[in-house]
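Novice: Residue numbers (this note's numbering), protein chains in the order written: chain X, 369 to 881; chain U, 1257 to 1524; chain C, 10 to 264. Each residue gets a CB set at the ideal place from its N, CA and C atoms; glycine is no exception. Model, not experiment: these values are computed from the prediction. Please find one structure pasted underneath; my questions will follow.
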Amino acid sequence: MLVCLLFAIRSPQSAILTQEPRGKAAYDKWCAGCHGDTGAGDGYAQAFMLPRPRDFTKGVYQIRTTASGELPTDADLRRVIDEGMPGTAMPGWRERLTDAQREDVIAYIKSFSQFFTGPAPTAIEVGTAPRASDEAIAEGRQVYEKLECFKCHGQDGRGDGTSAPTLTDDWDQPIFAADLHGSWRFNGGSSVEEIYRRLRTGLDGTPMPSFSDVIDSKIITDEQLWRVAQYVRSLSPEEPPPVREVIRAHLTEEGVPSGPADTTWARAEAYYIPVVGQIIVKPRWFSPAVEGVWVQAMHDGSRLALRLTWTDRSRSPDPAWDEWLGRVRQAMTDVDGPLPSSQGPDLLGVQFSPRSGEAEPPFFLGGSTRRPAHLWRWSSAPDAVTSGTGTGLGQFTADAGASQLTHAAQFVNGEWQVQFTRALVSADTARAPSFVAGRALPIAFFVADGSNGEDSVRGAVSAWYAVYLDVATPTRVYVAPGLTMLLTAGLGLMLVRQAQRRERNSERSNSEG
Amino acid sequence: MSRVGAWVRHPFWQAVLLLILAYLLFKFGIALLPPLLGMHSAPVPTSVVVQYMLIALVGVLIHVSSDETRWRRFKEPIHDTMVDADKRWVRLAVLILVPLLIGWVTYDQTRPKVEAPITLRSIHPAPPSQITFRGKTIQLTGLENPLRHRGSLTEHIETGKRIYYQNCLACHGDRLDGQGHFAHGFSPTPLSFADQGTIAQLTESFVFWRVAKGGPGLPREGAPWSSAMPVWEDYLTEDEIWAVIIYLYEQSGWKPRTWEESTGGGEH
Amino acid sequence: MRVAFGIVLALTAFGCGGDNGGASDQPAAGQEGGGAIAPAGGGTITGTVSFTGTPPANPTIDMSEEPACAQKHAGGARDPQVVVNDGKLANVFVFVKSGLPAGQTYPVPSSAAMLDQDGCLYEPRNFGVMVGQQLEIKNSDPVLHNIKAVPTKNRGFNISQPTEGMTTRRTFNTEEIGVPLECNVHGWMKASVTVLNHPFFASTGNDGTFTIRGLPAGTYEIEARHEKLGTRTQSVTVPQDGTATADITFGAAAS
């Protein structure tokens, strides 16, 4: 005991004072800006992110291979530092910090919490994924229902469950139930194995529990939990959707679809357009609810139809989400002033260059007074669309007179599906562009979720893309290659014949001579 | 072995080999050079590759035809393929493959192509000699970062760090590589300060101008309609911008270009 | 020099760290053996917790999304945050805060403390377990609950209980007052568990009374904790094998 006292007086702190811990220099330089000098998650960027940067003092980590409530292994920490966490502000550090630096940073991060002084945690044993099949995925869906995953993640897995608006993390900040259709943004990785691990370990610090005890209690089998992971994975595309600059409007002979639920939409390719927080003009918005929009386009030579779908957890305004808005308001007001105190509608803006055939589109953020943009502006309440002129974000003048633009919208289990239809030829070419087959026109998007405190300025924006109206393939495309092939083949034959004749002639003259 | 040696010494196969090597060099080799100097690289456009290949072909033809014997030997395999009875199958293959290739190229040329509208943009637009910052005229030419001669550098770095993490991080990223968590939503993508080609080549006054005036403050050739860079004079004071510039150089490890270098170098 | 630091660190961590947060799974010496919650014999503290004034109305809960729970609450579900019967306050957790002989250890009960989820409410709402004692968590509802503990000194847990009758056991490794327990599926579900390394604690029932048994003679400080009304502390002197009375009063104004 005396020995203990002696050592207590000469605590390790004094050692720290004289000899800086390994990893501190790299941590202070690269990590502290978000996670704070003392690891409390209170760095400078804290108020500009939701969820907040991780607070290391609690020793609570989302992405682990260990059981619920246990500490992560060093390998778990290493993986997050190396690869980063998709869907969050945490990047991978492999290229910025050396191997040794990252090792040292792990040791330093662990020193922020009292818990890491005990024995090293061990990863839970997991088997390998059983073979996936359509039946397996169907079974996974059944188990998803049995385990009531939909309570938070929603019937279709879009994070719109009845409990979703009430969710908070261990720091009392609002947290969205994951949209299971965007596996490339899963914090712990998108593979079936990684999803299965999250089910076994839970995501500590969040409302996501561990399902290990459910297997131990024989309520489901281990294989059934794998099936859930396979079902969840099947909701997202196999590869992260590529971002392509040109959206092709499919040419149809049968007239454009009648609404967003029309099955003929299956013929048009879907393009993924990422949207990010509007952090350019005041008030900026660092916590957008919508992360991407899927766009399809079709035209029949006289009309253009656009179908836009995106995950939105609420059909705003929805009283169930008042509590959520209150929390977001509290969390994000420090940035550029208070958020709206009541929920506005959900908004969608589709923006065009006002005149086709111009190389220079207007300012991508809603146009400017010098160069206005043409805008289609849809709101969920009342469910209406207006076409008009944008002279900056939130600066919108509706077109006078009869609108050429029609729309149909439906909200299906956490997804908005909106179709716009307009004649290709504009009635007012000074303000609205005509769409011309075989030509591309600049197009950009704006989305806002009213329940998340978003409005016509605080929302998610995209860069300029282009919409190209397909043309029927001209006959010459098939005729010209045929002709050139014939010509070349003929020419080749001729050359060969000539050479052979000459050869024979010279042989003959040789033998004669 | 000797067979291979005979092939390599044959002018026809030499020419073929040379052209293949040239193609590989143009298509892939050139793109590997900039990273060696720490610069970003991009694939060489097909049109440029085609041009270079034509030049290479002309060069090769001039070389083989400059010597009578060489020219004759060069033509031998071509001639043999056309007339020899035992090369019948090769002849047939060439007669089928070449027209097919030509047909495909024609198809590729005539089919309707989907292209995004072209937007022009200059990477380093010329700065104005003076700007108006919140109503105050600031002479940019010859301007140095005033904070480097005032107050404590450590404090300026800390102020700059706070401003960077609260305002710049979402796009330019905490690794300073232009890959913040919102960067993927913008086009052009946010600048990487880690690159040798960005702030390392600029004076602090140029950076001040770009920060203060943002995308909308770019001159016409800079394509103001697509840069997402905000107009920071709406958010930050003059000193705050200078502080964040100090932080950028400190954190990235680059040195700002000085006015002596700029005028002395003369070529910019 | 570095070796010396290593030894310092090791010793402080394993030998001298009085507060290493229950990272160790080893029970302290002398904790084996079962028995009742409190040792037999010794002195007793008993008392009644009263509430003066008008109790605040308990908030209603919208259980329309969980009909199976809603039907367990005839006349509409309310969150029983403040339960007062004839001026007596229920759901108060009373425990000996100080005064126990230093270094004394107490056997951990072999029986588990029970926590039920019934009608989408916790029962009990405010209770205690001993360090190392099993806490059995049961789901009596045919709906999904997750039970999440958010401690600061102990390690937490977050377990899914999707079916009726499922039970799960967990323990806490170090003393901690008022560990929040919550269900994220039903945001209104909250309980509090206090982890102590002695058995001298009790919760008041609907009659507002509590009894703590088996105390050696001495003067103790007891604390009464209520989820909404705060805490009260009181000094109590327990005679040898006798009973001391400690009545506690909470008022309408929270302290």
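(1) Hey, residue 672 (chain X) and residue 803 (chain X): beta-carbon distance below 8 Å or not?
(2) Can you tell me which of the three DSSP states residue 1428 (chain U) falls into?
(3) In three-state DSSP terms, what is residue 615 (chain X)?
(4) Taking the beta strand (DSSP E) that residue 185 (chain C) belongs to, which residues open and close that run?
(5) Residue 423 (chain X) and residue 159 (chain C) - do their beta-carbons sit closer together than 8 Å?
(6) Excluding the 5 residues preceding and the 5 following residue 81 (chain C) in the sequence, name in chain order all residues of the same chain whose CB lies nearer than 6 Å to its CB.
(7) Is there a C-beta anywhere in chain X that falls below 8 Å from the one on residue 1271 (chain U)?
(8) Using 8 Å as the limit for Cβ to Cβ distance, is residue 867 (chain X) near chain U?
(9) Ignore the nearest five residues each way along the sequence and tell me which others in residue 701 (chain X)'s own chain have a CB closer than 7 Å to its CB.
(10) Can you check DSSP and say which residues form a bridge with residue 668 (chain X)?
(11) Name the DSSP beta bridge partners of residue 814 (chain X), please?
(12) For the beta strand (DSSP E) that residue 804 (chain X) lies in, which residues bound it at each end?
(13) Is any beta-carbon of chain X found at less than 8 Å from that of residue 1295 (chain U)?
(14) For residue 135 (chain C), name the three-state secondary structure that DSSP assigns.
(15) Would you decide whether residue 639 (chain X) is buried or exposed? Buried here means 16 or more other CB atoms lie within 10 Å of its CB.
(16) Using a beta-carbon distance below 8 Å, is residue 418 (chain X) in contact with chain U?
(17) So what does DSSP say about residue 211 (chain C), is it helix, strand or coil?
(18) Using beta carbons (cut-off 8 Å, strictly below), is residue 437 (chain X) in contact with chain C?
(19) Report the neighbours of residue 648 (chain X) on chain U: residues whose CB is nearer than 7 Å to its CB, in chain order.
(20) From U:1267, U:1304, U:1268, pick the residue whose C-alpha is nearest to that of residue 1284 (chain U); which is it?
(21) If you measure from the beta carbon of residue 1425 (chain U) to each beta carbon in chain X, is any gap under 8 Å?
(22) Give a single yes or no on whether residue 190 (chain C) has its beta carbon closer than 7 Å to a heavy atom of the ligand NAP.
(23) Considering only residues of the same chain and omitting the five flanking positions on each side of residue 1498 (chain U), which have a CB-CB separation below 8 Å?
(24) Who are the neighbours of residue 478 (chain X) on chain C, taking C-beta pairs under 7 Å?
(25) Name, please, each residue of chain X whose Cβ falls closer than 9 Å to the Cβ of residue 236 (chain C).
(26) Do residue 105 (chain C) and residue 209 (chain C) come within 8 Å of each other at the CB atom, strictly closer than that value?
(27) Report the start-end ranges of each beta strand (DSSP E) in the segment 741 to 797 of chain X that is 3 residues or longer and not cut off at the edges.
(28) Hey, out of X:605, X:795, X:752, whose CA is closest to residue 777 (chain X)'s CA?
(29) Can you pull the chain U residues whose beta carbon is under 7 Å from the beta carbon of residue 861 (chain X), in chain order?
(30) Quick check: what's the CA-CA separation for residue 246 (chain C) versus residue 70 (chain C)?
(31) Alpha carbon to alpha carbon, what distance is there between residue 613 (chain X) and residue 395 (chain X)?
(32) Classify residue 31 (chain C): buried if its beta carbon has 16 or more other beta carbons within 10 angstroms, exposed otherwise.
(33) If you draw a straight line from the C-alpha of residue 1446 (chain U) to the C-alpha of residue 619 (chain X), how long is it?
(34) Let me see if you follow: with CB-CB separation under 8 Å, is residue 605 (chain X) close to chain U or not?
(35) Consult DSSP for residue 1270 (chain U) and reduce its assignment to one of helix, strand or coil.
(36) Classify residue 879 (chain X) as buried or exposed, calling it buried when 16 or more other Cβ atoms lie within 10 Å of its own Cβ.
Specialist: According to the structure data:
(1) The answer is yes: Cβ separation under 8 Å.
(2) Here residue 1428 (chain U) carries a helix assignment [DSSP, helix/strand/coil].
(3) Assigned with DSSP and collapsed to three states, residue 615 (chain X) falls in strand.
(4) Here the beta strand (DSSP E) through residue 185 (chain C) covers 185 to 191.
(5) Note that the C-beta distance between residue 159 (chain C) and residue 423 (chain X) is not below 8 Å.
(6) Taking C-beta separations shorter than 6 Å and ignoring five residues to either side along the sequence, the partners of residue 81 (chain C) in its chain run 128, following chain order.
(7) For residue 1271 (chain U), no Cβ of chain X is located within less than 8 Å of the residue's own Cβ.
(8) Judged by the 8 Å Cβ criterion, residue 867 (chain X) is in contact with chain U.
(9) Residues of the same chain with a CB within less than 7 Å of the CB of residue 701 (chain X), apart from the 5 flanking positions on each side, are 707 in chain order.
(10) Residue 668 (chain X) is not bridged to any residue.
(11) When beta bridges are read from the DSSP output, residue 814 (chain X) appears opposite X:717, X:829.
(12) It is not in any beta strand (DSSP E) - residue 804 (chain X) carries neither H nor E in the DSSP assignment.
(13) No, its Cβ sits nowhere closer than 8 Å to a Cβ of chain X.
(14) Assignment of residue 135 (chain C) by DSSP, reduced to helix, strand and coil, places it in the strand class.
(15) Burial check for residue 639 (chain X): the Cβ neighbour count within 10 Å reaches 16 or more, so the residue is buried.
(16) Answer no: the Cβ-Cβ gap between residue 418 (chain X) and chain U never drops below 8 Å.
(17) Look at residue 211 (chain C) here: in three-state DSSP terms it is strand.
(18) Closer than 8 Å: yes.
(19) Proximity of chain U to residue 648 (chain X) at the Cβ level (cut-off 7 Å) is accounted for by 1484, 1486, in chain order.
(20) Comparing Cα-Cα distances from residue 1284 (chain U) to each of U:1267, U:1304, U:1268, the minimum goes to U:1304.
(21) True, the Cβ-Cβ gap to chain X drops below 8 Å.
(22) Because no ligand of any kind appears in the structure shown, any question about the ligand NAP cannot be addressed here.
(23) Result list for residue 1498 (chain U): 1401, 1402, 1403, 1412, 1460, 1464, in chain order.
(24) Against chain C, a Cβ distance below 7 Å from residue 478 (chain X) picks out nothing, because the smallest value is about 12 Å.
(25) None at all; the shortest Cβ gap to chain X is about 17 Å.
(26) With a cutoff of 8 Å on beta-carbon distance, residue 209 (chain C) and residue 105 (chain C) are scored as near each other.
(27) Runs of beta strand (DSSP E) with 3 or more residues, each lying fully within the segment 741 to 797 of chain X, are found at 741 to 748, 751 to 758, 764 to 766, 774 to 780, 783 to 791, listed in chain order.
(28) Taking only the C-alpha atoms, the option nearest residue 777 (chain X) is X:752.
(29) For residue 861 (chain X), the chain U residues whose C-beta falls within less than 7 Å of its own C-beta are 1351, listed in chain order.
(30) The straight-line gap from Cα to Cα measures roughly 43 Å.
(31) When rounded, the distance between both Cα atoms is 38 Å.
(32) With a pLDDT of 37 at residue 31 (chain C), under the threshold of 50, the predicted position of this residue should be treated as unreliable, though the coordinate-derived value follows. Residue 31 (chain C) should be labelled buried.
(33) Taken atom to atom, the span from the alpha-carbon of residue 1446 (chain U) to that of residue 619 (chain X) is near 36 Å.
(34) Cβ-Cβ to chain U under 8 Å: no for residue 605 (chain X).
(35) Correct three-state label for residue 1270 (chain U): helix.
(36) Residue 879 (chain X) is classed as exposed because its beta carbon has fewer than 16 other beta carbons within 10 Å across all chains shown.
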